[in-house]
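Student:
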Amino acid sequence: MSIASEPRISLLGSTALLFEAPGELDLAPQQRIWNLALQAGEWAEIHEAVPGMNNLMLTFIKPPRDLNRLCERLLQSWENCPPLPLEGRIVELPVVYGGEFGPHMQDVVAHTGLDIETIANLHCEPLYPVYALGSHPGYCYLGGMDARLATPRRQVPVISIAAGSVSIGGVQTGVSASAGPSGWNTIGRTEMSFFDPTQNPPAMLRPGDMLRLRIERIIR
Amino acid sequence: MIEILSTTALATVQDVGRFGSLGYGVGTSGAMDHLALALGNLLLGNPEDAAALEIPMFAFEVRFTQDCAFAVTGAACEATLDGQPLPPYWVAQAREGQVLSLGYPTSGSRAYLCLAGGVDVPSVLGSRSTQLRGEFGGLHGRALQQGDRIAALRPGVSTLPTDFGVVSPSQALPLQRDGLPAMRVLPAAEYDCFLEDSRAAFWAGEWKVTTQSNRYGYRLEGAPILPKAPMEIRSHGIVPGVIQVPHGGQPIIQMRDAQPSGGYPKFGTVIEADLWRLGQAPIGSKVRFIECSYAEAIAALEDNQCYLAEVSRLVDLHGLASR
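The listed protein sequences derive, respectively, from chains C and G.
So the first sequence is numbered by the numbering used here: it starts at 1 and just counts up by one.
So the second sequence is numbered by the numbering used here: it starts at 1001 and just counts up by one.
1) Can you tell me whether DSSP reads T1210 of chain G as helix, strand or coil?
2) Can you look up W184 of chain C in the DSSP assignment and give me helix, strand or coil?
3) Check whether the Cβ atoms of I9 of chain C and G23 of chain C sit closer than 8 angstroms, and answer yes or no.
4) At a Cβ threshold of 8 angstroms, is Y1218 of chain G touching chain C?
5) Considering Cα atoms alone, identify which of C:G188, C:E45 and C:E6 is closest to L75 of chain C.
6) Applying a beta-carbon distance threshold of less than 7 angstroms, which residues of chain G neighbour S193 of chain C?
7) Kindly indicate which three-state DSSP category A44 of chain C falls into: helix, strand or coil?
8) Got a sec, what are the start and stop residues for the beta strand (DSSP E) Y128 of chain C sits in?
9) Helix, strand or coil, according to DSSP, for L58 of chain C in the structure here?
10) Note down, in chain order, every chain G residue with its Cβ under 8 angstroms from the Cβ of P202 of chain C.
11) Taking 8 angstroms as the CB-CB limit, is A16 of chain C close to chain G?
12) Hey, how far is the Cα of R89 of chain C from the Cα of M1032 of chain G?
13) What's the gap between the Cα of G208 of chain C and the Cα of M53 of chain C?
14) Taking 8 angstroms as the threshold (C-beta atoms), are E117 of chain C and I218 of chain C in contact?
15) Using a Cβ-Cβ cutoff of less than 6 angstroms, which residues in the same chain neighbour V96 of chain C once the five nearest sequence positions on both sides are dropped?
16) List, in chain order, every chain G residue whose beta-carbon is nearer than 8 angstroms to that of R153 of chain C.
17) Would DSSP call Y225 of chain C helix, strand or coil?
18) Which one or two residues does DSSP pair with T1012 of chain G in a beta bridge?
19) Quick check on C1068 of chain G: does DSSP put it in helix, strand or coil?
20) Where R220 of chain C and Q106 of chain C are concerned, what is the direct C-alpha to C-alpha distance, given to the nearest angstrom?
21) Determine, using beta carbons only, whether A1052 of chain G and Y1112 of chain G come nearer to each other than 8 angstroms.
22) Considering only residues of the same chain and omitting the five flanking positions on each side of A1281 of chain G, which have a CB-CB separation below 7 angstroms?
23) How would you call V1157 of chain G, buried or exposed, if buried means at least 16 neighbouring beta carbons within 10 angstroms?
24) So G138 of chain C packs on A203 of chain C, CB below 8 angstroms; how close in whole Å?
25) Using beta carbons (cut-off 8 angstroms, strictly below), is G23 of chain C in contact with chain G?
26) Does T1269 of chain G get closer than 8 angstroms to chain C when you measure Cβ to Cβ?
27) Could you tell me whether any Cβ in chain C is nearer than 8 angstroms to the Cβ of S1129 of chain G?
28) Under the rule that 16 or more other beta-carbon atoms within 10 Å means buried, what is K62 of chain C, buried or exposed?
29) Thinking G180 of chain C and S160 of chain C are a contact (beta carbons under 8 angstroms), I'd like their distance in whole angstroms, please.
30) Would P1105 of chain G and F1058 of chain G qualify as a contact pair, given that the criterion is a beta-carbon distance under 8 angstroms?
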């Protein structure tokens, strides 16, 4: 898909709206999204401001009658919104790549033309900033994956992938916090407790934290 | 207190939903049929946020281990109390030892068993709804099992009137198109990125609710919805009702246990006001979709609110008359 040059706002029914930042997926716009989320979360008609990958969902307390006013305010805030650098903790995770832990590794091999070893090495190379949480309790979307690893989401999502699954969806990557359905390509597995509903906050990681993935083993 | 004598898979404790934790990756959960839950709570004089049992499969049977008022709403499922039939959308007083049985639905697909005061389970992150994926909320974060015991917050002989019912949502708010249940849909961000023929076919066609449909999502079957060009979208927040179209072209409608984010292209969103209709569409049945505007989506929410307000007024009148 072409890269948008202007921010875009669309509706999710009468429940929420979605703001999408223009440009390539990157950390600087994500830092602006974090800032915008802080601001919009305080607005009277907004229930939650939820950052995604270079985008922001605003859920409504009650659907506003005058959407245009809200959209204008949002666009104006974005224009005046500097990056908010969040310097979080660094968490290291050992990953087993391939074999039974990476049931879709062959699909990534086929799509990228790279071998398993190269895929694992490229995947472990960056220090991944947590861009946003989502998908399921405690799940982190990571930014900065090597573009050579990009593999489209699956034709049909699978009914369940295991907790700890390390997977690729388009240019994004992440680690599953619990077993469940997914449309991403699972290439490995790690072990980590990401979520505890009795804690405040319940999620162990937050936007701005960083993940260092380490190759524990590669199953060829 | 009730004891579950018999249940099939996936009966859960649900309330209106868990709000405020999307930023931790926690979806809302909550009743698939918000209206049925709201009506059960109205009939019992419960607070709006009281939790009930959502029963998607039958037969289902419980024994009251103490006196307790209850209401059965949602799917019409030939409910009986010690063998005596109960009409749909009815509130009744159970005595200790009585057995409530729910049979196979004659219409709808999910029944709600509401108890006086609401189901007494701990509130986790602001809700009693079961978070199946996160294994918290509800009763021990899981579906109900035979032998489970569940307490009501206001057991005993009710001081409020019982043995009356209200008109069901499907009677009060009918919506059909060409003989099939219909839901209104507001187009979403990638709507224009699908082929014109595919868009037309979506609105014109019948959509089958496949067996791979549950609280997470309804996977539909019909003429494939094809994009003008392949799309890979950045993950973003989504809400129940969003219609995602994976590359295969068969749409998936996100339901109450949906992930709070996703990245498949979005065709549209079943409006919040009509999501209960889909929650009551049985597996194997067919539905249709009607295009609507944002203003119409808000008006539909108001229609639902008016209906609930009218029921609330009638319940209050009933209370006054029986004094």
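We put the beta carbon where it would ideally sit given N, CA and C, even for glycine.
Tutor: Let's see:
1) Start at 1 with the first residue of the second sequence, and residue 1210 of chain G comes out as number 210. Reduced to three states, the DSSP call for T1210 of chain G is strand.
2) By one-based count along the first sequence, residue 184 of chain C stands at place 184. Reduced to three states, the DSSP call for W184 of chain C is coil.
3) As a first step, residue 9 of chain C must be located in the first sequence, where it is residue number 9. As a first step, residue 23 of chain C must be located in the first sequence, where it is residue number 23. For I9 of chain C and G23 of chain C, no; Cβs fall outside 8 angstroms.
4) The residue given as residue 1218 of chain G occupies position 218 in the second sequence. With 8 angstroms as the cut-off, Y1218 of chain G does not count as an interface residue toward chain C.
5) Residue numbering aside, residue 75 of chain C sits at position 75 when the first sequence is read from its first letter. Answer by Cα proximity: C:E6.
6) Here residue 193 of chain C refers to the residue found at position 193 of the first sequence. Residues of chain G with a Cβ closer than 7 angstroms to the Cβ of S193 of chain C do not exist; the shortest Cβ-Cβ separation is about 12 angstroms.
7) As a first step, residue 44 of chain C is located in the first sequence; it is residue number 44 there, counting from the start. Here A44 of chain C sits in coil by DSSP.
8) Taking the first residue of the first sequence as position 1, residue 128 of chain C is located at position 128. Where Y128 of chain C is concerned, the enclosing beta strand (DSSP E) stretches over L127 to L133.
9) Your numbering for residue 58 of chain C matches position 58 in the first sequence. Secondary structure of L58 of chain C (DSSP, three-state): strand.
10) Position 202 of the first sequence, counting from 1, holds the residue named residue 202 of chain C. Neighbours of P202 of chain C across chain G, judged by C-beta separation under 8 angstroms: S1021, Y1024, V1026 and L1125.
11) Taking the first residue of the first sequence as 1, we reach residue 16 of chain C at position 16. In terms of beta-carbon proximity, A16 of chain C lines the interface with chain G, with at least one pair separated by less than 8 angstroms.
12) Taking the first sequence and counting its residues from 1, the one referred to as residue 89 of chain C is at position 89. Taking the second sequence and counting its residues from 1, the one referred to as residue 1032 of chain G is at position 32. R89 of chain C and M1032 of chain G have their alpha carbons spaced roughly 39 angstroms apart.
13) Numbered from its first residue, the first sequence carries residue 208 of chain C at position 208. Numbered from its first residue, the first sequence carries residue 53 of chain C at position 53. Cα to Cα, G208 of chain C sits roughly 13 angstroms from M53 of chain C.
14) Sequence index remark: in the first sequence, residue 218 of chain C carries index 218 (1-based). Sequence index remark: in the first sequence, residue 117 of chain C carries index 117 (1-based). Result yes, Cβ atoms of I218 of chain C and E117 of chain C sit closer than 8 angstroms.
15) Taking the first sequence and counting its residues from 1, the one referred to as residue 96 of chain C is at position 96. Counting only Cβ-Cβ distances below 6 angstroms, and skipping sequence neighbours, we find G188, R189, E216 and R217.
16) As a first step, residue 153 of chain C is located in the first sequence; it is residue number 153 there, counting from the start. Under the 8 angstroms cutoff, chain G gives E1232, P1246, H1247, G1263 and Y1264.
17) The structure shown does not extend to residue 225 of chain C, since chain C is modelled only from 1 to 220, so the question has no answer here.
18) For the purposes of this step, residue 1012 of chain G is taken as residue 12 along the second sequence, with counting starting at 1. Answer is G:E1054, bridged to T1012 of chain G.
19) For the purposes of this step, residue 1068 of chain G is taken as residue 68 along the second sequence, with counting starting at 1. In the three-state scheme derived from DSSP, where H, G and I count as helix and E and B as strand, C1068 of chain G is classed as strand.
20) As a working note, residue 220 of chain C is residue 220 in the first sequence. As a working note, residue 106 of chain C is residue 106 in the first sequence. R220 of chain C and Q106 of chain C: Cα-Cα distance of roughly 10 angstroms.
21) By one-based count along the second sequence, residue 1052 of chain G stands at place 52. By one-based count along the second sequence, residue 1112 of chain G stands at place 112. Contact flag set, yes.
22) Position 281 of the second sequence holds residue 1281 of chain G. Excluding the 5 residues flanking it on each side, A1281 of chain G has same chain C-beta neighbours closer than 7 angstroms at S1109, P1181, V1209 and V1287, in chain order.
23) Taking the second sequence and counting its residues from 1, one reaches residue 1157 of chain G at position 157. Answer is exposed; the Cβ neighbour count stays below 16.
24) Mapped onto the first sequence, residue 138 of chain C falls at position 138. Mapped onto the first sequence, residue 203 of chain C falls at position 203. The Cβ separation is near 5 angstroms, so the contact holds.
25) Position 23 of the first sequence, counted from the start, is the residue given in the question as residue 23 of chain C. For G23 of chain C, the nearest beta carbon of chain G is not closer than 8 angstroms to its own beta carbon.
26) Taking the second sequence and counting its residues from 1, the one referred to as residue 1269 of chain G is at position 269. In terms of beta-carbon proximity, T1269 of chain G lines the interface with chain C, with at least one pair separated by less than 8 angstroms.
27) Stepping through the second sequence from its first residue, residue 1129 of chain G is reached at position 129. Output row for S1129 of chain G: interface = no.
28) Here residue 62 of chain C corresponds to residue number 62 of the first sequence, with the count starting at 1. By the 10 Å Cβ count, K62 of chain C comes out exposed.
29) Along the first sequence, one-based indexing puts residue 180 of chain C at 180. Along the first sequence, one-based indexing puts residue 160 of chain C at 160. That belief holds up - the Cβ atoms of G180 of chain C and S160 of chain C are roughly 6 angstroms apart, short of 8 angstroms.
30) On the second sequence, residue 1105 of chain G is found 105 positions in, with the first residue counted as 1. On the second sequence, residue 1058 of chain G is found 58 positions in, with the first residue counted as 1. A contact, by the Cβ cut-off of 8 angstroms.
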